[in-house]
Every structure is written in structure tokens, then in C-alpha cells.
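Here is the structure we will look at.
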Amino acid sequence: MGARVDRRSFLVAAGLLGLAGCGSDTGRGGAADGPLRHWYHAYGEDGVQDAVRRYAAAYPGAKVEVQWNPGDYDSKIVTALRAGAVPDIFEAQVKVDWVRQKQVVPLDDLLGDTRDDFVRTLLDSQTVDGALYGIPQAIDTQVLYYRRSLLEKAGIAPPRTVDELVDATKRLTASGVKGLFAGNDGGVGVLTAPLLWSAGLDFLSQDGKAPGFDDPRAATAFGKLRDLNSSLLLGAPTDWSDPGAFVDGLAAMQWTGLWNLPKIVAAHGDDVGVLPFPRLDASGAESVPVGAYSAMVNARSADVVAAKAYVKWLWVDKADHQTEFATAFGAHLPARKSLAAQAEPLRDGPGKEIVEFVTRSGRIASPARWSSRANTALSDAVSRIARQGADPAGELRAALEVARDEIARLDR
Amino acid sequence: MTRRRTALTFWLFVGPFALGLLAFTYVPIVWSAYLSFFDARDTVTPTEFVGVANYLDVLTDRAFLDSIGTFTVFAAFIIPTTVALSLTLALLVNQIRVARAFFRSVYFLPFACSYVVASLVWKMSLFSGVDSGVANTVLGWFGGESQAWIGTVDPPLYWVVLITARLWLQLGFYMILFLAALQRIPEHLYEAAWIDGAAPGWQTFRHITLPGLRGALIAVLTLNLINAYQAFDEFYNILGDSRGYPPFARPPLVYLYYTSLGSGGQDLGRGSAGAIVLALVIALATLLSGRLLRRAN
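Now the structure itself:
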């Protein structure tokens with residue numbers, strides 16, 4: 000009997016200890032016992048991982064553990080945010096649903112005097128209901144890379160309108176080389192936004208209260224992707240975000256990121272030209288998408304104050320780290336105007352041109368109020384138009400309905 | 000005392016698995032059913048009860064209905080193909096007298112391969128869209144033009160990639176099931192049939208082998224049906240990526256993944272409603288197929 004009581008006592012004690020252990024890590028705003036945990040997605044450029052670990056190790060205020068996350072990082076983050084206190088700090092683009100669910104904390108107080116030094120549109124893209132939830136780390140953009148020699152050989156001028164792009168793509172397609180590579184999904188993923196902008200439209204209206212593509216010109220613009228379809232490179236071993244297809248000569252032009260500029264120039268030297276996405280017609284506009292991963296703080300972090308202090312140190316105070324992070328491993332633009340002006344790799348050549356594109360016609364690629372569901376509906380519609388020859392007007396009507404529903408939900 | 004010890008041993012061995020089943024299967028099912036009646040965007044502890052709104056949303060969502068429709072057609076194709084090919088392989092392996100273990104292993108080996116690895120080999124090597132891809136090289140030998148196998152929608156060449164990957168991965172498993180069933184058919188039945196004048200071949204297959212395989216056939220058909228509706232790995236890895244998935248050849252589980260967890264949204268209420276509807280569709284299809292098979296027998 001005595002033994003049974005002892006076992007029971009042990010189990011009760013063990014259970015209580017277990018419960019206590021569970022409780023210690025989940026309290027919002029409680030005291031932090033352990034290090035701050037900082038998550039990044041896996042950058043493709045060599046050296047970034049070592050650099051961010053070095054920054055974390057140099058932080059004097061707390062011990063910071065960096066986690067590098069290959070694979071489907073965006074899904075991992077949303078699952079982690081739902082589940083608990085880890086990570087304390089992470090990079091992502093602000094989603095309005097995270098704000099509504101109180102999963103992230105406002106960071107306006109971190110900027111201080113530097114607010115005006117950050118690119119304004121970037122801050123706006125990370126702002127929901129007037130509060131800033133992410134500190135931009137660097138600016139990424141995408142441009143049209145082309146081989147000057149191939150265009151010259153074919154007697155084609157660099158395309159300045161969408162029709163010229165379609166024409167150039169067709170004429171540059173020859174045996175073993177396709178005119179353009181914009182991803183193995185036929186450009187649906189990366190060209191949807193530039194096509195909207197080319198027609199002078201957008202995902203959302205200017206005040207964000209309505210879809211921005213309730214216009215017949217959207218159908219015209221997406222129809223151009225159908226025209227491009229037969230001359231696009233499909234089934235490449237790597238996707239649009241990697242320079243492989245362009246570097247290996249599988250395509251004469253590729254739509255890909257600024258971050259690939261060093262590898263592309265290393266492969267083709269002076270034979271590389273860059274362009275923004277062209278305008279549809281005189282009423283449209285040239286564009287390059289501008290996106291930024293921002294540092295955000297998990298509202299369930301065991302020590303929100305410590306996490307915010309670290310974010311301020313890393314992405315507001317340590318200008319040398321920010322410059323190195325943006326420019327030393329691949330080409331990105333620093334998120335602060337004063338640092339971008341000093342960035343050596345972007346002072347001449349294609350790098351300088353791309354900086355001008357961003358300044359002149361940069362558009363926010365992923366507005367916080369543009370929901371995932373609305374995005375899926377639109378990209379399904381564009382895919383059916385471009386790849387299956389579906390009726391553009393009918394497809395867009397369905398996508399508009401979903402977008403309106405989603406906007407109404409956000410304002411409920 | 001012995002009884003207690005037996006009970007203790009039972010729980011020692013069964014307990015951890017029962018707990019795992021409870022924690023990772025039954026609790027999620029019940030929780031999912033609960034979530035399906037709430038607005039559960041980005042949360043597993045929702046507060047806003049929405050009744051059957053999620054079910055109405057899902058049942059009127061073209062993407063979900065397309066996914067169910069497409070995969071009903073997929074099931075109608077892949078099930079008979081798998082049964083016919085795996086049964087043929089089993090008959091061939093059963094008949095040979097030399098190196099039977101070798102062939103059995105060779106055909107079964109792909110089943111041990113990860114779906115993800117196989118998908119990547121199919122996508123990046125066998126059916127890559129560049130000239131150096133294996134399928135395009137073979138096409139080139141016969142003067143054919145290179146094809147973007149995964150990217151070509153009209154005609155839908157991506158099905159060639161998806162179906163060959165699935166057949167390669169699963170034929171061996173079903174072949175082993177048939178082989179085991181074939182080896183359980185008593186030899187004396189064949190001998191009696193030959194004595195009675197039945198010719199070896201179609202006659203004995205029709206009247207002895209096929210009836211002897213009845214149990215295995217029902218098992219293979221049912222497992223195939225459920226597997227077809229649960230298709231995810233090869234589809235996600237061949238056609239999808241973290242940014243999304245094209246609207247064609249989107250199986251129900253990929254739709255549910257993007258709705259509930261992936262970058263397409265974080266709507267656990269709608270995703271759960273879809274999961275419950277899908278579970279009901281699978282249960283109904285399984286019951287119907289079971290009833291039809293019993294009637295046919």
C-alpha cells in the first residue's frame with residue numbers, strides 16, 4: 000500500500016512539474032529565462048547565414064539564437080505564430096490577419112529620428128491601421144534581364160511596351176533557346192502584379208477599400224500573358240528566383256531578382272541589360288515590384304521588451320550590419336535612404352539602373368491588406384487565362400467577387 | 000497477480016501507441032470538426048461561431064469542387080490501371096522459377112522510395128522541360144521536339160508525369176499483395192481443373208485464379224480508392240511550390256493544405272469544413288465501391 004501511495008505521489012509530482020514546465024514558456028509578456036530566438040528564411044546567397052549569426056553573437060543585450068529555415072518558410076511562420084512563444088523575432092511581410100489576431104506587436108517606437116530615413120512606401124507596406132508592425136531589413140526588386148547581343152542579332156530594341164515584349168519573346172525563341180523565362184508556372188506567380196501595373200491598375204484601390212482591378216484593361220493585360228505562353232521557357236531545372244536558366248543560356252531574357260545581379264554579370268559580363276516591366280500602352284506605366292522582409296516581434300514572446308530592443312539594435316542602430324546584409328552577399332537595396340546612397344555595388348552599371356527603376360517606378364508587391372485567399376483567386380484566374388485559354392473577363396469577375404468578400408471581412 | 004501483470008504488460012506496450020493515436024488522430028479530428036463551425040483564421044482557439052457558413056463556402060468554392068471532380072476522374076483512371084498492371088506483374092513474377100526473389104524485390108523497391116524524392120527525380124531529371132531531360136532526349140532520338148512536360152496544359156502533359164510517378168511508386172506494393180494472394184490459392188485446384196480439361200491460361204485464370212484473388216482484389220481496390228483521394232506528395236512536389244499551386248490537377252488535400260496551412264491562406268475553419276466533407280466523400284465512395292464489389296462477386 001505504502002509503495003502505491005509513493006508511486007501515486009511521484010506521478011502527481013511529476014505531473015505538476017510537467018504542467019509547470021509547460022506553463023513557463025507560453026505566458027505573454029512573462030519573464031524570459033532563455034535566449035531570444037530569431038528566425039530567418041534560408042537565403043540563397045553564400046555568407047548571409049554566417050553574417051546574421053555573427054550579428055546575433057555581437058548583441059550585448061541578450062543571448063540570441065538564430066534559426067535558419069529552408070523550405071516553406073511562410074507556412075512555418077504562420078503555424079509557429081499560432082502555436083506559441085517561438086520565435087521571438089522573425090522576418091516576414093506583415094499580414095493584416097496577424098494584426099487582427101494580435102500575433103505581432105507594433106514597433107513604431109523603435110524608429111525614433113530614423114523614421115524619415117526609411118523608404119516611405121516600405122514603411123507603409125508594413126503598416127496596418129496606422130501602426131507599424133515590421134522594420135524593413137532590405138529592399139528586394141525584380142527586373143527583366145536580357146542578353147544585349149541576342150537582341151542586337153535579332154534586330155530587336157529593348158522592349159518598352161508589353162506588345163514589344165511579346166514580339167521580342169517570340170522572335171528570340173530559337174532552337175534550344177526560349178525568348179523569356181518568368182518561372183515554370185508560365186509567369187503567373189511573378190508577372191501578375193507587373194501586368195496589372197502595366198495597365199495602370201493594382202491589387203487594391205488607393206484607399207485599400209476595393210479591388211484595384213475592376214476594369215476591362217486587367218483582362219487585356221492578362222491576355223498578353225496568354226500571347227507570351229508559347230515562347231516562354233517552361234520546365235527549367237530551376238525556377239524564376241534562381242539565375243540558372245539565364246546564366247546557362249536557356250533563355251534570352253529572364254524576369255528575376257536584383258539579388259541575382261552579381262551571378263548574372265559574372266556569367267555574361269557586359270552582355271547584360273536590365274529593364275523594368277514595360278507599360279501596356281500610353282495609359283499604363285513601367286514598374287518594378289518592391290518587397291521587403293521586415294523584422295517582426297511575436298506578441299507571445301516571453302519577453303517582448305527584450306525582443307524589441309534587439310530589433311532596434313539590429314535594424315535601426317547598427318547601420319554597418321544593415322549595409323553589409325543588403326549588399327555584401329547578393330544585390331539588395333538597403334531599406335534606409337542614407338545607406339542606399341552609400342552602397343558601393345549599386346553605384347554604376349545595371350545596379351545603378353535598377354536603383355533608378357526602384358526610385359522611379361517601384362510598386363509594393365505584397366500589400367498587407369491583400370489577403371492570401373484573394374491572391375489565390377486572382378492567380379487561379381490568371382493561370383486559367385494564360386495557360387488554359389479561359390475567357391479573361393469571366394475569370395476576373397470570379398476573382399473580383401472573392402477579393403470584395405475578403406476586403407469586406409477585413410473591415411468587419 | 001498474473002492477471003495484473005498481463006494488464007500491465009498490455010498497457011506498457013499498447014499505451015504509448017494508444018496515446019499517440021488519441022493525441023495525433025482522434026483529438027485533431029474532433030478539434031477539426033469543432034473548428035469547422037467557427038471563423039478560425041490564423042487561430043486554433045476561435046471565438047466567432049459561424050454555423051454552417053464554412054461548409055457553404057467550401058461547397059460553393061469552384062476550386063474545391065474542381066479538386067473533388069478532377070480526382071474522381073483521376074481515381075477512375077488510376078485504380079483500374081494500377082490493379083491491371085500490379086496483377087499482371089504478380090502473375091509474371093509468380094510464374095517464373097528463377098530469380099523470383101530478385102524480381103519481387105526489384106518491383107517492390109520503389110515503394111520504399113520517398114514520394115518527395117521520386118517527385119523531384121521525375122520533375123528535375125526524367126521530365127525536365129529542357130533538351131537534356133531524359134524524356135526529351137528519348138523524344139529527340141525519334142525526331143520529336145522537346146516538351147515542357149510539367150508546364151504544358153494544352154494538351155495536359157503534366158498528367159503523364161503525375162501518373163507515371165504514382166504507378167512507379169505504388170505498383171510494387173500492390174503486386175506483393177496480389178503475389179501473397181496468388182500463393183495462397185491451393186495448387187490442387189489447378190491440377191483438378193487440368194484433369195477436368197481446362198486449358199492453362201485464360202480459362203484457369205478466369206475460373207480459379209480470379210475467384211481466389213477476390214479478397215485481395217477488394218483490398219487493393221479499396222486502398223487504391225482511398226490513396227487516390229489522399230494524393231498529396233507527388234502533386235505538391237511536382238506542380239506546386241511555396242508560393243502556390245496552379246488551378247489544374249489540384250487534389251483535394253493540396254486544396255485543403257493551401258486553405259488551412261500553406262501560403263494560400265490560414266483559414267482553419269474553411270479547411271476543416273473541407274476536410275470533413277472530403278472524409279465523408281471518401282467514406283461514401285468506399286462504402287459504395289464495397290457494395291458494388293460484393294454484388295459483382
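If you read the protein sequences in the order shown, they are chains F and L.
Here the first sequence is numbered in numbering that gives the first Met the number 0, starting from 0 and rising by one per residue.
Here the second sequence is numbered in numbering that gives the first Met the number 0, starting from 0 and rising by one per residue.
All residues carry an ideal CB built from backbone N, CA and C; glycine is no exception.
Item                                                                                                                                                                        : Value
Please classify Q341 of chain F: does DSSP put it in a helix, a strand, or coil?                                                                                            : helix
Relative to chain L, which residues along the stretch 70–82 of chain F have a C-beta separation below 9 Å, given in chain order?                                            : G70, D71, Y72, D73, S74, V77, T78, L80, R81, A82
Can you give me the start and stop residues for the alpha helix (DSSP H) that N228 of chain F sits inside?                                                                  : Element bounds for N228 of chain F: n/a, residue is neither H nor E.
Taking contact to mean at least 3 C-beta pairs separated by less than 8 Å, is the stretch 264–272 of chain F in contact with the stretch 140–158 of chain L?                : no
I believe G329 of chain F touches E44 of chain F by the beta-carbon criterion, under 8 Å. Please report the beta-carbon distance rounded to the nearest angstrom.           : 4 Å
So, is V97 of chain L buried or exposed, given that buried needs 16 or more other C-beta atoms within 10 angstroms?                                                         : exposed
Out of L:L55, L:L168, L:V133, which has the shortest C-alpha to C-alpha gap to P109 of chain L?                                                                             : L:L168
Counting only Cβ pairs nearer than 8 Å, list the residues of chain L close to A397 of chain F.                                                                              : R61
Looking at the secondary structure, which residues open and close the alpha helix (DSSP H) in which M252 of chain F lies?                                                   : Taken as a continuous stretch (DSSP letters only), M252 of chain F belongs to no alpha helix (DSSP H), being part of the beta strand (DSSP E) at 250–256.
Give the straight-line distance between the Cα atoms of A364 of chain F and V189 of chain F, rounded to the nearest whole angstrom.                                         : 9 Å
Indicate the three-state DSSP secondary structure (helix, strand or coil) for S293 of chain F in the structure shown.                                                       : strand
Should V93 of chain F and L224 of chain F be called a contact, given that it needs their Cβ atoms to be closer than 8 Å?                                                    : no
By DSSP, does I184 of chain L sit in helix, in strand, or in coil?                                                                                                          : coil
Name, please, each residue of chain F whose Cβ falls closer than 9 Å to the Cβ of F73 of chain L.                                                                           : Chain F residues near F73 of chain L: none, gap ~18 Å exceeds 9 Å.
Express the C-alpha separation of S337 of chain F and L55 of chain L in angstroms, rounding to a whole number.                                                              : 53 Å
Using only alpha-carbon positions, find the residue among F:G222, F:L179, F:D241 that is nearest to A389 of chain F.                                                        : F:G222
Are there three or more Cβ pairs, one per stretch, closer than 8 Å when the stretch 269–286 of chain L is compared with the stretch 190–202 of chain L?                     : no
List the DSSP bridge partners of N68 of chain F.                                                                                                                            : F:H40
Near I360 of chain L, which residues of its chain fall below 7 Å by C-beta distance, leaving aside the five closest residues on each side in sequence?                      : A query on residue 360 of chain L cannot be resolved here, the shown segment of chain L reaching from 0 to 296 and no further.
Closer than 8 Å by beta-carbon distance: list the chain L residues that pair up with G175 of chain F, in chain order.                                                       : D130
Measure the CB-CB distance between R114 of chain F and P277 of chain F and report whether it falls below 8 Å.                                                               : no
Verify whether the separation of the beta carbon atoms of A41 of chain F and P69 of chain F is less than 8 Å.                                                               : yes
Touching or not, the stretch 241–260 of chain F and the stretch 238–254 of chain L, by the rule of three or more beta carbon pairs under 8 Å?                               : no
Check whether the Cβ of P236 of chain F lies closer than 8 Å to any Cβ atom in chain A.                                                                                     : This model lacks chain A altogether, as its protein chains are F and L.
In chain order, what residues of the same chain have a beta carbon less than 7 Å from the beta carbon of G28 of chain F, not counting five sequence neighbours either side? : Because G28 of chain F carries a pLDDT of 40, less than 50, the predicted location of this residue cannot be relied on, and no value is offered for it.
State yes or no: is the C-beta of V142 of chain F within less than 8 Å of the C-beta of V51 of chain F?                                                                     : no
Below 7 Å between beta carbons is the criterion; list the residues of the stretch 10–44 of chain L that meet it against any residue of chain F, in chain order.             : R40, D41, T42, V43
What would DSSP say about P154 of chain L, mapped onto helix, strand or coil?                                                                                               : coil
When burial is assigned at 16 or more other CB atoms within 10 Å of the CB, is C21 of chain F buried or exposed?                                                            : Bear in mind that a pLDDT of 36 at C21 of chain F, under 50, signals an unreliable position, so the number given afterwards is only what the model happens to contain. Result: exposed.
So with CB distances below 8 Å, who are the chain L contacts of S378 of chain F?                                                                                            : G243
Would you tell me roughly how many angstroms separate the C-alpha atoms of T258 of chain L and G243 of chain L, rounded to the nearest one?                                 : 11 Å
Between which two residues does the beta strand (DSSP E) holding Y145 of chain F run?                                                                                       : 137–146
In chain F, which residues lie less than 9 Å from F247 of chain L when you measure between Cβ atoms?                                                                        : S382, R383, R386, Q387
Under three-state DSSP, which class holds R96 of chain L?                                                                                                                   : coil
Does the distance from the CB of E220 of chain L to the CB of V26 of chain L come in under 8 Å?                                                                             : What sits at residue 220 of chain L in the sequence shown is Leu, not Glu. It is not a contact, given that the beta carbons lie outside the stated cut-off.
Does the beta carbon of V253 of chain L come closer than 8 Å to any beta carbon on chain F?                                                                                 : no
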